[in-house]
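Residues 16 to 69 (my numbering) make up the sequence shown, in order. Ideal placement from N, C-alpha and C gives every residue a C-beta, glycine not left out. For reference, the structure discussed in these notes is given below.
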Amino acid sequence: MLNNLFSFNCLYNFILIFSTVIKLHFYLKCINSTSLCKKIRILVIYLKQNSILF
């Protein structure tokens, strides 16, 4: 029972991280036209907003 719970939790965390990476990928693609400095600033804000995931 405990083993099943652990593997589910592991899978759940993996899915969460995976979806975040995909979101970030598209998000970065979207702001690709902006300057690097602005990009980093936006990325930091984005990560702060989604800190629930980590």
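Short of 6 Å from the beta carbon of L58, and not among the five residues preceding or following it, lies no beta carbon of its own chain. Our two residues, L26 and R56, have alpha carbons roughly 31 Å apart in a direct line.
Shown here, S50 sits in coil according to DSSP, grouped into three states, outside any helix or strand. Per DSSP, reduced to three states, the secondary structure at N65 is coil, with no helix or strand assignment.
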